[in-house]
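The structure appears right after this line, and notes come after that.
There are 2 protein chains.
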Amino acid sequence: MTGRVLRLRPVGFVRSPFKEPADLPPPAFAPPRFLASVTGEIVVSPEFAEGLAGLEAYSHIIVLFHFHRASGPKLTVVPPGESRPRGVFASRSPHRPNPLGMSVLKLLERDGRVLRVGGLDLVDGTPVLDIKPYTTRDRRSRIRTGRPGGR
Amino acid sequence: MTGRVLRLRPVGFVRSPFKEPADLPPPAFAPPRFLASVTGEIVVSPEFAEGLAGLEAYSHIIVLFHFHRASGPKLTVVPPGESRPRGVFASRSPHRPNPLGMSVLKLLERDGRVLRVGGLDLVDGTPVLDIKPYTTRDRRSRIRTGRPGGR
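First to last, the sequence lines map onto chains L and E. To convert, note that position 44 of the first sequence is 44 in my numbering; the numbers rise steadily by one, no gaps. Just add 1000 to the spot in the second sequence (first one is 1) and you have my numbering.
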C-alpha cells in the first residue's frame, strides 16, 4: 500500500504579480491587508473549462497547487521569524514530502476559464491541481493555533 | 508545461468507522452534529513521523487525501439531493480530474505518529497525502455559497 503512487497533472496555472518565491512576503511578516489586496488570475486549461460551471456562486475557493519551486522535502523546518524547529506537517512550508499547497482565495469574477482572484499568495506560473468551493464545512470558528496571531 | 506530471505517495492512512464510501452520509443529508461526533485516526508512516512534531499545538488540521475509491473523473456532476448539473470544480465530488480531497478535522490528540481526529468524513484506508495546521488564514467569516445551508 505504502508504495502506491498517485500521478497528477495541472488543470491550470496561476498568473501572479509575484514572479519569484522571494517576492512573496512570508505570512508572518505580511500585513493581512497587504495580501488581501493582491489580485491575480487562475487560467484553467481548455480541456477542463467545463468543470468550472457554477463556481461563480461561491465567494471563496480552495486552490490546491504544486509547490513547483520548492527545492525538496525536509521533515523539520524553522518557519520564518522563528528560532525553534518544528515538524513540516506542523507548518505551511513548501518543503513537504508531497509538495502540495492549499490556499483559500477570494473569487472576484469568473470569465469563462479565467478566474480573477483576490488574496493571492502564489507565485506566477504555479501549477493548479484542483479547485473546490469554500463552504461552511471549511470554516471553524473556535480554533487554537501554534503561533501568535493565529498562525 | 501542461504535460508535467507530479508523482505523490501516501504519508499515512485513515482508520475510520466508515468502511465503504456508501457508509458515508452525503454532507447534504448528514446532520452536522452527527459528522462532528465521528472519530477516527490518521496513522502516519514511520519514515514521516518526525514531521508531526509540534502539530499538537493546533486544534484543527487540514488533511489532503486521495479519493482512492473514486471511479474516475467527470467534468459535470449532479450533487446528491440536487437535480441540476454543475461543474466538478464547483462541487466537492470525488470524481475530479486530480482525485484530491481536502477535509478540516479536529485534532483530538497526537500519540506519536497516530493522530486521533474528530469530525471525520473519510473512508477507512484513505491514503493521506499531506497534513497541515489550520490557521486563521484558512478561516473566512463572510462567505457566500452556492447551496442552502452554506454548502
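Just so it is clear, CB atoms sit at the ideal spot from N, CA and C, and this is done for glycine as well.
DSSP places Arg1110 (chain E) in the uninterrupted beta strand (DSSP E) bounded by Leu1100 to Asp1111.
The three-state secondary structure of Pro133 (chain L), taken from DSSP, is strand.
Distances from the CA of Pro79 (chain L) to each of L:Ile143, L:Arg33, L:Arg140 and L:Pro25 were compared; the closest alpha carbon is that of L:Pro25. Three or more beta-carbon pairs separated by less than 8 Å are not found between the region 1093 to 1110 of chain E and the region 66 to 79 of chain L, which leaves the two stretches without contact.
Under the 10 Å beta carbon count, Arg1147 (chain E) is surrounded by 16 or more other beta carbons and is classified as buried.
In terms of Cβ geometry, Val1063 (chain E) and Val1128 (chain E) form a close pair [threshold 8 Å]. Per DSSP, Phe89 (chain L) is not a residue of any beta strand (DSSP E), being assigned neither H nor E.
Within the region 1120 to 1145 of chain E, the residues whose Cβ lies closer than 7 Å to any Cβ of chain L are, in chain order, Pro1127, Leu1129, Asp1130, Ile1131, Lys1132, Pro1133, Tyr1134, Thr1135, Thr1136, Arg1137, Asp1138, Arg1139, Arg1140, Ile1143, Arg1144 and Thr1145.
Contact annotation: His60 (chain L) and Val11 (chain L) have beta-carbon atoms that are not nearer than 8 Å. Interface annotation for the region 1050 to 1065 of chain E against chain L: Glu1050, Gly1051, Leu1052, Ala1053, Gly1054, Leu1055, Glu1056, Ala1057, Tyr1058, Ser1059, His1060, Ile1061, Ile1062 and Leu1064, criterion Cβ-Cβ distance under 9 Å. Residue pairing by DSSP places Phe65 (chain L) opposite L:Gly101 and L:Val128 in a beta bridge. The region 113 to 130 of chain L and the region 1104 to 1120 of chain E do not touch, with fewer than 3 CB-CB distances between them shorter than 8 Å.
By the Cβ-count criterion, Pro1094 (chain E) is buried, with 16 or more other Cβ atoms from all chains shown falling within 10 Å of its own Cβ.
Bridge partners of Glu41 (chain L) according to DSSP: L:Arg15 and L:Arg116.
DSSP places Arg33 (chain L) within a helical segment (H, G or I) once states are collapsed to three. Listed in chain order, the positions of the region 80 to 98 of chain L with a beta carbon within less than 8 Å of a beta carbon of chain E are Pro85, Arg86, Gly87, Val88, Phe89, Ala90, Ser91, Arg92, Arg96, Pro97 and Asn98. Gly1150 (chain E) reaches chain L at Thr135 and Thr136, counting residues in chain order whose Cβ is nearer than 7 Å. Note that the C-beta distance between Val1043 (chain E) and Phe1013 (chain E) is below 8 Å. Per DSSP, the continuous beta strand (DSSP E) segment holding Leu8 (chain L) begins and ends at Leu6 to Leu8. Short of 6 Å from the beta carbon of Glu56 (chain L), and not among the five residues preceding or following it, lie these beta carbons of its own chain, in chain order: Arg110. If you ignore the 5 residues before and after Arg86 (chain L), its C-beta comes within less than 8 Å of the C-beta of Thr76, Val77, Val78, Pro79 and Gly146, all in its own chain and listed in chain order.
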